[in-house]
Amino acid sequence: MTHLENKNTDTEGINASHIKDSGFSNLKYLLVGIFFGIVFVKAEIISWFRIQEMFQLQSFFMYGVIGSAVVVGIISVQIIKRFNIKTIHGEKIEIQPKVFSKGQIYGGLLFGFGWAITGACPGPLFAQIGTGVTVIVVTLLSAIAGTWFYGFIKDKLPH
Amino acid sequence: MLEIIKEPWPWYVAGPLIGLTVPILLIIGNKSFGISSSLRHICAACIPANISFFKYDWKKESWNLFFVFGIFLGGVIAAYFLANPNPVEITPQLSEQLASYSITDHSGLLPKELFSWESLFTLRGFIMIVVGGFLVGFGTRYAGGCTSGHAIMGISNLQWPSLVATICFMIGGFIMANLILPYILAL
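Line order of the protein sequences matches chains A and B. Residue numbering for the first sequence follows this note's numbering, beginning at 12 and increasing consecutively. Residue numbering for the second sequence follows this note's numbering, beginning at 2 and increasing consecutively.
Here it is as structure tokens:
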């Protein structure tokens, strides 16, 4: 079984590399994560208040963050494809396409509810705990339980 | 210099830095940006329970767990070494609304009246902390990704299903924040 077979409807956060990562080479991702966590906190993206302002259209801030991130992302991916840029290990960069399923609608709405309640998507949860709001450990455990429950009833849900 | 870093960063600094995570992860190891997948890997590693959705080689995806552990450490560093000493600035409309639910503490990035151990054992706190978290975990996996996996990575790669997902995230958020959350906050 390749790891992809079981990810048929879900290619998020995929590792397309054929090189086996050792514990040491995984430290790169730890460093990128640290950088990312600092940005999350310093731009107050992990703030429940910022998320409420976004969903109540009281502030442009979060739209600016997400919009400019997407613009930089689109340009970067286009450059990578156009110039056939390789990884630092010389591999061809592969990005899995996203396959449409009704889950993106139903699941998307449910995640939207959760996002507005907790003021956090999964990434900010980890950063919020880091800033010392320890009760968010409970939110994270509950999110893990939600993920597990999805796996448990997946075949009974419309997709 | 440190003084400037300690101030809250503007969107036009934070947004592009987040966007750059997409090419950085691709170039350093052919990894597609996505965070909610870490929750699935944790399930696969700890409680697979013979469910086919959790039977895959999660070790191959362990980079994702290093990444989220880094996000946690980034939170620690930012809070203890780069903290903004001032309370969070929020718009006057929101401040007024929240005051009507007796939420007035703006000293942290999350209001203490809602997100604290004391609050967890109230009905309002339980819904905010536990039910909210469950919806985040269930919804992101059902949608096949979160803000990072769909809204940023997926749209960066011009994938229309990711645009659909992102629009649904926003619709869900608008409905909750404007139509349902006021009743929860009033509990």
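In this text, a Cβ means the ideal position worked out from N, Cα and C, and glycines have one as well. Since the structure is predicted, the reported quantities are computational estimates derived from the model, not experimental observations.
Straight-line gap, residue i to residue j (C-alpha atoms, nearest Å)
i: Ile25(A); j: Lys32(B); result: 6 angstroms
i: Glu90(B); j: Gly130(A); result: 16 angstroms
i: Glu4(B); j: Gln89(A); result: 36 angstroms
i: Ile104(B); j: Lys56(B); result: 44 angstroms
i: Ser157(B); j: Ser28(A); result: 19 angstroms
i: Ala15(B); j: Tyr81(B); result: 19 angstroms
i: Ala156(A); j: Phe139(B); result: 8 angstroms
i: Gly101(A); j: Ser163(B); result: 28 angstroms
i: Pro108(A); j: Gln160(B); result: 7 angstroms
i: Cys47(B); j: Lys60(B); result: 12 angstroms
i: Gly109(B); j: Leu136(B); result: 24 angstroms
i: Tyr117(A); j: Gly126(B); result: 25 angstroms
i: Leu168(A); j: Lys92(A); result: 36 angstroms
i: Glu62(B); j: Glu97(B); result: 45 angstroms
i: Gly173(B); j: Ile52(B); result: 28 angstroms
i: Gly71(B); j: Lys103(A); result: 26 angstroms
i: Ile39(B); j: Lys113(A); result: Position check: residue 39(B) holds Ser in this sequence, whereas Ile was assumed. Approximately 22 angstroms, taken between the alpha carbons.
i: Ser58(A); j: Phe160(A); result: 27 angstroms
i: Asn1(B); j: Ile28(B); result: Outside the displayed range of chain B (2 to 188) lies residue 1(B), so it cannot be described from this structure.
i: Pro93(B); j: Met177(B); result: 21 angstroms
i: Gly133(B); j: Asp58(B); result: 29 angstroms
i: Gly6(A); j: Thr167(B); result: Since the first residue of chain A shown is 12 and the last is 170, residue 6(A) is not available in this structure.
i: Tyr102(B); j: Tyr184(B); result: 10 angstroms
i: Ile164(A); j: Ser79(A); result: 37 angstroms
Per-residue burial, residue i [other beta carbons within 10 Å of its own, 16 or more giving buried]
i: Asp21(A); result: buried
i: Thr145(A); result: exposed
i: Ile30(A); result: exposed
i: Ala50(B); result: exposed
i: Asn87(B); result: exposed
i: Gly150(B); result: buried
i: Pro135(A); result: buried
i: Glu23(A); result: buried
i: Gly35(B); result: buried
i: Gly143(A); result: exposed
i: Phe71(A); result: exposed
i: Lys97(A); result: exposed
i: Glu16(A); result: Confidence at Glu16(A) is low in this model, with a pLDDT of 40, below 50, so the placement of that residue is unreliable and no value is reported for it.
i: Ile106(A); result: buried
i: Lys18(A); result: The pLDDT assigned to Lys18(A) is 47, lower than 50, so where the model puts this residue is not dependable; a value taken from the coordinates is nonetheless given after this. Lys18(A) is buried by the Cβ-count criterion.
i: Leu188(B); result: exposed
i: Tyr40(A); result: buried
i: Phe35(A); result: exposed
i: Thr13(A); result: Model confidence at Thr13(A) stands at a pLDDT of 38, short of 50, so the residue's coordinates are unreliable; what they give is reported in the following sentence. Flag for Thr13(A) reads exposed.
i: Ile99(A); result: exposed
Contacts of residue i in chain B (Cβ-Cβ under 7 angstroms)
i: Phe160(A); result: Phe139
i: Gly134(A); result: Ile36, Ile72, Ser149
i: Gly3(A); result: In the structure as shown, chain A starts at 12 and stops at 170, and residue 3(A) therefore has no counterpart that could be examined.
Contact set between residue i and chain A, taken where Cβ atoms lie within less than 8 angstroms
i: Thr105(B); result: Neighbours of Thr105(B) on chain A: none; closest Cβ ~12 angstroms, over 8 angstroms.
i: Glu62(B); result: His14, Gly24, Ile25, Asn26
i: Met129(B); result: Ile128, Thr129
i: Ala152(B); result: Ile77, Val81
Nearest-angstrom Cβ-Cβ length linking residue i and residue j, presumed shorter than 8 angstroms
i: Leu95(B); j: Glu64(A); result: 6 angstroms
i: Gly75(B); j: Gly75(A); result: At roughly 21 angstroms, the Cβ-Cβ gap does not stay under 8 angstroms, so Gly75(B) and Gly75(A) are not in contact.
i: Ile147(A); j: Gln139(A); result: 5 angstroms
i: Ile153(B); j: Val69(B); result: About 15 angstroms separates the two Cβ atoms, so there is no contact after all.
i: Asp106(B); j: Glu119(B); result: That pair is no contact at about 12 angstroms.
i: Val81(A); j: Gly146(B); result: Not confirmed; about 14 angstroms, so no contact.
i: Met73(A); j: Ile62(A); result: 7 angstroms
i: Val149(A); j: Leu26(B); result: Actually they are not in contact, since the Cβ atoms of Val149(A) and Leu26(B) sit about 29 angstroms apart, beyond 8 angstroms.
i: Ala144(B); j: Gln115(A); result: 5 angstroms
heavy atom of the ligand NAP below 7 angstroms from residue i C-beta
i: Leu3(B); result: Because no ligand of any kind appears in the structure shown, any question about the ligand NAP cannot be addressed here.
Spatially closest choice to residue i from the options, by CA coordinates
i: Gly123(A); options: Asn51(B), Lys7(B), His42(B), Cys169(B); result: Cys169(B)
i: Asn179(B); options: Trp126(A), Lys113(A), Pro169(A); result: Trp126(A)
i: Leu182(B); options: Phe139(B), Leu99(B), Ala166(B); result: Leu99(B)
i: Asn85(B); options: Pro9(B), Ala166(B), Ile172(B), Val165(B); result: Pro9(B)
i: Phe51(A); options: Trp12(B), Cys47(B), Leu40(B), Cys147(B); result: Trp12(B)
i: Ser153(A); options: Phe34(B), Arg41(B), Gly155(B), Pro17(B); result: Arg41(B)
i: Val165(B); options: Ser33(A), Leu120(A), Lys103(A); result: Leu120(A)
i: Ser33(A); options: Pro24(B), Thr22(B), Gly30(B); result: Gly30(B)
i: Leu186(B); options: Ile128(B), Thr141(B), Ile153(B), Gly134(B); result: Ile128(B)
i: Val131(B); options: Val69(B), Ser117(B), Arg142(B); result: Ser117(B)
i: Arg142(B); options: Pro133(A), Gly141(A), Ser87(A), Thr142(A); result: Pro133(A)
i: Lys7(B); options: Trp64(B), Ile78(B), Ile28(B), Pro17(B); result: Ile78(B)
i: Phe67(B); options: Leu68(A), Lys165(A), Leu38(A), Gln115(A); result: Leu38(A)
i: Phe60(A); options: Thr123(B), Thr148(B), Leu111(B), Leu121(B); result: Leu111(B)
i: Leu151(A); options: Met2(B), Cys44(B), Ile25(B); result: Cys44(B)
i: Phe73(B); options: Asp166(A), Phe137(A), Thr158(A); result: Phe137(A)
i: His170(A); options: Ile77(A), Gly141(A), Val110(A); result: Val110(A)
i: Val83(A); options: Leu18(B), Phe175(B), Thr148(B); result: Leu18(B)
Under 7 angstroms by beta carbon: chain A residues contacting residue i
i: Ile78(B); result: Ile45, Ile49
i: Asn158(B); result: Val88, Ile106
i: Ile172(B); result: Leu120, Gly123
i: Ala166(B); result: Gln115, Gly119
Neighbour list for residue i in chain A, Cβ cutoff strictly below 9 angstroms
i: Met203(B); result: An answer regarding residue 203(B) cannot be provided, because it is not within the stretch 2 to 188 covered by chain B.
Chain B contact residues for residue i, given Cβ-Cβ distances below 8 angstroms
i: Asn37(A); result: Ser63, Trp64, Phe67
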